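The block underneath contains the structure these notes are about, expressed in structure tokens.
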Amino acid sequence: MADRADTPVGELLHSQLVRLYPICRSITGPGVRETLSLIGEHIPLSVTEVPSGEPVLDWHVPKEWTIRDAWVADASGNRVIDFQKHNLHIVSYSRPVHTRMSLSELKPHLHSDPSNPEWIPYRTGYYAENWGFCLPHRDLEAMQEGEYEVVVDATLEDGSLTYAECVIPGQTTDEILLSAHICHPSLANDNLSSIVVATELARRLLKGPQPQHTIRVLFIPATIGAITWLARNAATVDRVKHGLVLANLGDPGAIHYKKSRRDDTEINRAVRLVIQDQPDHKMLEFEPYGYDERQFCSPGFDLPMGCFSRTPYSRFPEYHTSADNPEFVRPEALEDSLTRLEKVIDILERDKKFMNLNPKGEPMLGRRGLYDAIGGRSDSKEQQMALLWVLNYSDGEHSLLDIAERSQLGFDRVAHAAEILRQHGLLVVAS
Amino acid sequence: MADRADTPVGELLHSQLVRLYPICRSITGPGVRETLSLIGEHIPLSVTEVPSGEPVLDWHVPKEWTIRDAWVADASGNRVIDFQKHNLHIVSYSRPVHTRMSLSELKPHLHSDPSNPEWIPYRTGYYAENWGFCLPHRDLEAMQEGEYEVVVDATLEDGSLTYAECVIPGQTTDEILLSAHICHPSLANDNLSSIVVATELARRLLKGPQPQHTIRVLFIPATIGAITWLARNAATVDRVKHGLVLANLGDPGAIHYKKSRRDDTEINRAVRLVIQDQPDHKMLEFEPYGYDERQFCSPGFDLPMGCFSRTPYSRFPEYHTSADNPEFVRPEALEDSLTRLEKVIDILERDKKFMNLNPKGEPMLGRRGLYDAIGGRSDSKEQQMALLWVLNYSDGEHSLLDIAERSQLGFDRVAHAAEILRQHGLLVVAS
Amino acid sequence: MADRADTPVGELLHSQLVRLYPICRSITGPGVRETLSLIGEHIPLSVTEVPSGEPVLDWHVPKEWTIRDAWVADASGNRVIDFQKHNLHIVSYSRPVHTRMSLSELKPHLHSDPSNPEWIPYRTGYYAENWGFCLPHRDLEAMQEGEYEVVVDATLEDGSLTYAECVIPGQTTDEILLSAHICHPSLANDNLSSIVVATELARRLLKGPQPQHTIRVLFIPATIGAITWLARNAATVDRVKHGLVLANLGDPGAIHYKKSRRDDTEINRAVRLVIQDQPDHKMLEFEPYGYDERQFCSPGFDLPMGCFSRTPYSRFPEYHTSADNPEFVRPEALEDSLTRLEKVIDILERDKKFMNLNPKGEPMLGRRGLYDAIGGRSDSKEQQMALLWVLNYSDGEHSLLDIAERSQLGFDRVAHAAEILRQHGLLVVAS
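Protein chains in written order, with numbering that gives the first Met the number 0: chain Z, 0 to 430; chain C, 0 to 430; chain H, 0 to 430.
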């Protein structure tokens, strides 16, 4: 905690990411549990284990995968591919194997990327009951003809799928849902970055005053985790009034926000307000491909949730390779992502509609000490304008978010003006 | 028919156009009947004769015009203007004349275009009971003072107005209406191009499986023909669910589509999808001037019909002159127009709304062999995306056309994805 | 009146402005009355006096201010600041003072603008019960240490607030409301320009045929005048169907129109049509800051009123300084403002919806002499088009303004076409 006080938050989050990086995660198994255990050092987590085989929507919970070791050794016994050296060497969910084979027999099981010959690609084989290894293309090309020993020391058996939730209880059951996927092995931006940002966000919210909304942070395996969580919470999922899928929050790119399937949701508008000052930010239209918004925004749920990223998946060359390592993630990007997410939540928490109690003509602000009287602030002119905007548009139809959008004065100034006017008896909350 | 198999369709259509070119058409008369007779060699036509004088909406069917010969001869008896050399020399609907006059008396009856001095302009005098001749400006300037013999060997008498329909009966009485005007004499792009394209389109539709919609192709004189057809079919015209006026389909320009008066009709959207890949294509706003969309989109009918053209009227210099001849029309442009019209009809025929039967979360495609399993196609990635788009938007609200517009994946891919999903029991047609 | 016939109207208005310039106006007091008296030489005015202290909406009518003389004199008795030389030297609403003080005591009461050191700034102190002087910064810097005599020979006492109305009675009680503020002392563009333009506009309307709308022109002190008028007319203010606040109508800039709070009002659309041909014109979004649209568009009234200006307040350097003098105002700008306002009123007066009585197909125009028969006009092609536009869109849904917007043919042509069609029995006014 001394550290915490002295260290910039970006550095702190980056050091948490470094600690999580070596764990070999997948959609099930001990890597997920170990990850949740480290997250649990910072925030209280409710962990759920769902048994293999349980039907979840159109799917079933898959077998649990435990990987202990894996290698390909040449005739001399030298490990030319070695899981101990990098988690990405093993295709995730590879079934157990212990055999010998020629290079030509082996090759269909080897994956490399000729366009990035120094990097190990990331591959998965969920539901395939197959096995494979990944390696730099440079290394693949150096492999000699001959017989190789192939070992995958793993189990793929009934067990359970693990996910966790951190809930910050609100004054209402209306929910803000944040979700980060935790199934990727040693990949830093995708998605350890979001795990550490979401953890810190939850930690801060827990320390603050009780929010209006109940805020729920999910740490789940991608796709099957979202499907499992939705299956188990289908009856109450309409409590979710706003939500974000978090992904790739640590790269140096600008925020790219993919809008929720429903147009013109408050979450879309709140994010736009929060990111519009950032050069090169983008508001992307919804499409049913990407991260877990695919599930949350499936037509049977259609939750008002977007996907909040910096550079989107597959648009950075390091995506799904060993080059997506902790060096690729910037502490200042983690901090920027955290700060903007806090602002988004702040807007969702504070947005409401007011009624101007003196709607005919402007009320006389001077008599109430409100005319050029918000001194001390260097931005008093904008603050004065905000008073007029809030008075004019507080007609029961326009929310603070509407007024912030129209006035371009910023949500904070607008909300501050509303609070001052409310204190002076000029506004009430619209029923 | 051996020809048909071997010849590119554009060449075939062009040769039909060449055969139609010499006929002297007008809004009534034998030229129209001869034209319909040639069309009738390719497709079955139902021909209607409407007697002169019949009231049709705010109009009356005009007298029938028969032109046999016409000339202006100089004092030596040389024909300096000779209808036998070009149909355009006579002002359409000229009344019979046989007289002699000086050049100065004659000149008010002579029409030329100084800006294109080699070309004969096209002029009409419907409802004017006047007469006139058209000639190249170069020739006009060469005419010497002196007495001229003027002969218009024509009759302008009660008879009938002729139009024809080719109907492809559909599974429903919902109609797609296509209309081409047949009143222009030797003008190739405007509108023999559309006559041959519409004929071939009807021929192909008749050979294919029975369509959903009843498809009606009109061959009618412009304005008075459309008015006459509307007058006689006013009681059933609301069967028309989509329609196109066809004009100028053979010039080398890009498609210019003028939208229907009603905004956001399916026909507008289907055409947009079909032409948007063409460089320089244009979507034009409706305006109440142009071809027979003026009548079909008059406010009392307001049919969902646009005007499908390549270069619009009066935007090519050859428009309404002798330079709009068969050389001006390109076989490849005829084929491109035909192909795109077929695609438009295909979209109208196949567009529908589906319901995703597994709307909560994505269904597990792998289990059904649908994940990366549409192999063989080189575009399997886009086809995979199309599955996700169709699943996500098949909520009973969005049609395939909506989904094709949003996804930018093309109507074919989207419709193909829907068919696959339907076969796998994942979709049903929305009621 | 001989003058009036011979002099360009811009010159005439400029000479009226020059006559009004020397009067020292404020929000109350004799300057306002003298101004109204001069306006009353041109048009009949109904003048209202509202006693100090009367509650008006959230405000009270302030005391009346009468300024007779004011100066700052040095030890030698030389007036270094002298109200007799320029009205702007005295801070408006300064309370009476007669005292002596050192330069350093005096300085907090002296206002200058270092960025325009030759100009006297304009300052007011309403509701402050303070006093002050304004002077060129150059003069301030030249002031020597020493004792100064300070005299404000004014009264600030119960009296009344004065405003005036000129009403042109219409055939209906639906109102067009125009409003110009009359509270500024010697400032020419802001707002003597609007006073003279509004006066001439009213004069012309009174001379013309009785309008459809009752047209009311207000000459009122800014803010408190608008509030007072609204308070006294709250019960009937919903008669206002269209309105404009007039400000800065004499500078050489292009028209900048700030839209009414309600979107898509007829006034917004009529002004757009009238100004769109002017290079650099601007349509500005509503914001609740500016001139008296702040009051008229407060949410409890929300009148359909925009603000019609040339260069908006504070966007010209001369704004609220002694450089906003008659030389800054251009006769041709006054005339252009007047002409465009007349066109706006003309559109509001003539706009209506018609029904095409022959909505099925186009009516036969030739039979009625309407085809190419509007000869004499050099723009007969556009006029012919206007007939077709009006026929097609006169479906009871679209007004002439709608048709003018869509067709881009100009309101005059469209209205002229409607009148011709009505005379020929093809249109009736939609009920």
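All residues carry an ideal CB built from backbone N, CA and C; glycine is no exception. Only a predicted model underlies this, so the values are computations on that prediction, with no experimental measurement involved.
Partners in chain H for residue i, counting only beta-carbon separations shorter than 9 Å
| i | result |
| --- | --- |
| R293 of chain C | G360, E361, L387 and N391 |
| L229 of chain C | K359 and G360 |
Minimum C-alpha distance to residue i - residue among the options
| i | options | result |
| --- | --- | --- |
| L134 of chain H | H:K342, H:I226, H:P113 and H:S398 | H:P113 |
| T98 of chain Z | Z:E117, Z:E148 and Z:Q15 | Z:E148 |
| P362 of chain C | C:E40, C:T123 and C:W388 | C:W388 |
| A69 of chain C | C:V150, C:K380 and C:I214 | C:V150 |
| A417 of chain Z | Z:G76, Z:G299, Z:A163 and Z:S398 | Z:S398 |
| L191 of chain H | H:H13, H:E156 and H:G158 | H:H13 |
| V216 of chain C | C:I38, C:C23 and C:G424 | C:I38 |
| L44 of chain H | H:N357, H:R32, H:H88 and H:S25 | H:R32 |
| A187 of chain H | H:E326, H:T6 and H:V343 | H:E326 |
| Q382 of chain H | H:T34, H:V343, H:R412 and H:I346 | H:R412 |
| D279 of chain C | C:P251, C:F285 and C:E286 | C:P251 |
| F82 of chain Z | Z:I66, Z:G76 and Z:D73 | Z:I66 |
| D189 of chain Z | Z:C23, Z:R24, Z:Y318 and Z:K380 | Z:Y318 |
| S51 of chain Z | Z:S159, Z:K240 and Z:H423 | Z:S159 |
| L155 of chain H | H:R94, H:E341 and H:A221 | H:R94 |
| H241 of chain C | C:Q209, C:V195 and C:S178 | C:S178 |
DSSP state of residue i mapped onto helix, strand, coil
| i | result |
| --- | --- |
| Y370 of chain H | coil |
| R376 of chain Z | Any reading at R376 of chain Z needs caution, since the residue's pLDDT is 46, under 50, leaving its predicted position unreliable; the model's value is listed next. Note: R376 of chain Z maps to coil in three-state DSSP. |
| V71 of chain Z | strand |
| R405 of chain C | helix |
| H97 of chain Z | strand |
| S159 of chain H | strand |
| Y256 of chain C | strand |
| L272 of chain C | helix |
| V196 of chain H | helix |
| Y147 of chain C | strand |
| R314 of chain C | coil |
| I219 of chain H | strand |
Under 8 Å by beta carbon: chain Z residues contacting residue i
| i | result |
| --- | --- |
| G424 of chain C | The contacting residues do not exist; G424 of chain C stays about 11 Å from chain Z at best. |
| I26 of chain H | Near I26 of chain H there are no residues of chain Z at all, since even the closest Cβ is about 14 Å away, more than 8 Å. |
Beta-carbon contacts of residue i that lie in its chain and below 6 Å, excluding the five residues immediately before and after
| i | result |
| --- | --- |
| L56 of chain H | I226 and A230 |
| G224 of chain H | Y162 |
| V79 of chain Z | V71 and D73 |
| Y290 of chain Z | V244, A246 and C306 |
Partner residues on chain C for residue i, Cβ-Cβ distance less than 9 Å
| i | result |
| --- | --- |
| N357 of chain H | L56, D57, S297 and G299 |
| P311 of chain Z | By Cβ distance, chain C contributes nothing, its closest Cβ being about 15 Å from P311 of chain Z, past 9 Å. |
Cβ neighbours of residue i in the same chain (closer than 7 Å, five flanking residues each side left out)
| i | result |
| --- | --- |
| R339 of chain C | I254, V273 and I274 |
| I42 of chain C | C165, T198, A201, R202 and L205 |
| I119 of chain H | H85, L87, H88, C133, L134, P135, T320 and S321 |
| M282 of chain C | Y256, K258 and R271 |
Interface partners of residue i on chain H, CB under 8 Å
| i | result |
| --- | --- |
| G365 of chain Z | Y126 |
Neighbour list for residue i in chain H, Cβ cutoff strictly below 7 Å
| i | result |
| --- | --- |
| D394 of chain Z | P298 |
Under 7 Å by beta carbon: chain Z residues contacting residue i
| i | result |
| --- | --- |
| V288 of chain H | Note on identity: in this sequence residue 288 of chain H is Tyr, with Val being the wrong assignment. Those are M384 and L387, listed as they occur along chain Z. |
| I226 of chain H | G360 |
8 Å CB neighbourhood of residue i in its chain, flanking five on each side removed
| i | result |
| --- | --- |
| V427 of chain H | F353, M354, L356 and R421 |
Notebook entry, point to check: Does the stretch 297 to 312 of chain Z come close enough to the stretch 237 to 247 of chain Z to have 3 or more Cβ pairs within less than 8 Å?
Noted result: yes
Notebook entry, point to check: How do the stretch 381 to 400 of chain C and the stretch 323 to 337 of chain Z stand: do at least 3 beta-carbon pairs fall below 8 Å, yes or no?
Noted result: no
Check: Are the stretch 138 to 147 of chain H and the stretch 169 to 177 of chain H touching, with three or more C-beta to C-beta distances below 8 Å?
Finding: no
Notebook entry, point to check: Are the stretch 280 to 297 of chain H and the stretch 257 to 269 of chain H touching by the rule of at least three beta carbon pairs closer than 8 Å?
Noted result: yes
Note to self: Quick check: the stretch 17 to 34 of chain H against the stretch 47 to 64 of chain H, are at least 3 beta-carbon pairs closer than 8 Å?
What the structure shows: yes
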